[in-house]
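Student:
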Ligand code: GAL
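Here you go:
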């Protein structure tokens, strides 16, 4: 259900007007992104899209994520935005009691992630498909001909028979897509190459065996892949670690700490690439989980940068971005 809390909404509207309303910095090309408040959509409702996944189509970002507007809510919401600040409510793309009979009863969804498959001209969602106090350890796949859905259930289970929890997707520049998840009872990360239609896992590679990593997010920078991940501490934040490799399947560098010891109170969800006329900028997106008031969890965005194999992972509570040129002012 979409909820509006009068006092909180008024407070948020106030901060929206003060902080987020000042979108123009020195010209119409600059956007200010400020972290720390609940986001509101174009109708004034709290944005509920946690464990966020993104897909850019033309100049529009589509964002999907967990609806946690009630303490336990298995719906997946979709919003769209041209600036990652003003969010238009699209719809529930996966809905409790509608999309799948078990959803909302014995099943819930975490970390839904969105892909576009050029070959089939379909939109595909991969997610953590859970039940029984995380004992199911499964993934699920949904698809639609339209980005805004509604999405149909394709499959749920353990990819290639392997127990799978926290997850993400990665689409490489050549169109090959991967599902990556925490496997083997949280011991390893599993990299699953997907079939050409993105609907099946076809190949499994074990990464970081025994390192107990979750919330993986991969970004490609030139010919290098960088992966960010957290330790497994439930809703509590912990040290973000980074690794890099020239191949997704092998050669990952030893995990190294980035940022502060609690990843600036976030857990990785995505890394976005902004291809500007002057430079490419990378935006880290993380969940600031607010346990036990999960509906108040925040989505945090800040620029990170790369130099060779180094990553500058410095938090910005507020920054300006020029989507045309790709430039950032902290
Ligand atoms: C975290 C995970 C979240 C959620 C949570 C439940 O470790 O990243 O997606 O599963 O545990 O406690």
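Numbering (our numbering), first residue to last: 717 to 1046.
Quick reminder that beta carbons are idealized off the backbone N, C-alpha and C, glycines included.
1. Checking 8 Å against the spacing of the C-beta atoms, do residue 769 and residue 829 come in under that value?
2. Where do the ends of the beta strand (DSSP E) carrying residue 1032 lie?
3. Cutting at 7 Å between CB atoms, please list the residues of its own chain near residue 1027, excluding the five before and the five after it.
4. Does any heavy atom of the ligand GAL sit closer than 7 Å to the C-beta of residue 903?
5. With respect to the beta strand (DSSP E) encompassing residue 796, which residues constitute its N-terminal and C-terminal limits?
6. Excluding five sequence neighbours on each side, which residues of the same chain lie with their C-beta closer than 6 Å to the C-beta of residue 1046?
7. Taking the alpha-carbon positions, what's the residue 804 to residue 776 distance?
8. For the ligand GAL, I want to know if residue 848 counts as a neighbour, meaning its beta carbon is within less than 7 Å of at least one of the ligand's heavy atoms.
9. Can you name, in chain order, every residue of its own chain whose Cβ lies under 8 Å from the Cβ of residue 1040, other than the five neighbours on each side?
10. Please go through the same chain and pick out, in chain order, the residues whose beta-carbon is closer than 6 Å to the beta-carbon of residue 791, but skip the five residues on each side of it.
11. Contact between the region 927-943 and the region 873-886 is defined here as three or more beta-carbon pairs at a separation below 8 Å; is this criterion met?
12. What is the DSSP secondary structure of residue 971, reduced to helix, strand or coil?
13. Counting only the same chain and skipping the five closest in sequence on each side, list residues whose C-beta sits under 7 Å from that of residue 981.
14. With 16 as the cutoff for other CB atoms within 10 Å, does residue 968 come out buried or exposed?
15. Which residues have their C-beta within less than 6 Å of a heavy atom of the ligand GAL, listed in chain order?
16. Are the beta-carbon atoms belonging to residue 785 and residue 762 less than 8 Å from one another?
17. Identify the residues that DSSP records as bridge partners of residue 1038: which are they?
18. Rounded C-beta distance between residue 863 and residue 773? I'm assuming under 8 Å.
19. Relative to the alpha-carbon of residue 855, which residue among 890, 924, 825 has its alpha-carbon at the smallest distance?
20. By Cβ distance, which residues of its chain are closer than 7 Å to residue 935, with the 5 residues on each side in sequence left out?
21. Once you ignore the five residues that flank residue 1038 on each side, which residues in its own chain have a CB closer than 6 Å to its CB?
22. Taking buried to mean at least 16 other C-beta atoms within 10 Å of its own C-beta, is residue 842 buried or exposed?
23. Where do the ends of the beta strand (DSSP E) carrying residue 827 lie?
24. Tell me the DSSP secondary structure of residue 1045 in three-state form.
25. Cα separation between residue 852 and residue 878?
26. Kindly provide the ranges of any beta strand (DSSP E) runs that are 3 or more residues long and lie completely inside the region 853-928, ordered along the chain.
27. To the nearest angstrom, how far is the alpha carbon of residue 937 from that of residue 819?
28. Quick check: the Cα distance between residue 1022 and residue 961, rounded to an integer number of angstroms?
Tutor: The answer reads as follows:
1. yes
2. Looking at the DSSP string, residue 1032 is not in any beta strand (DSSP E), and its letter there is neither H nor E.
3. 942, 958, 974, 1020
4. no
5. 792-797
6. 1032, 1035
7. 11 Å
8. no
9. 745, 992, 993
10. 783, 808, 811, 812
11. yes
12. coil
13. 953, 1004
14. buried
15. 767, 826, 827, 882, 930, 931, 948, 950, 951, 983
16. yes
17. 746
18. 6 Å
19. 825
20. 942, 987, 989, 998
21. 745, 746
22. buried
23. 824-833
24. strand
25. 11 Å
26. 854-860, 868-873, 880-887, 893-899, 904-910, 917-923
27. 37 Å
28. 13 Å
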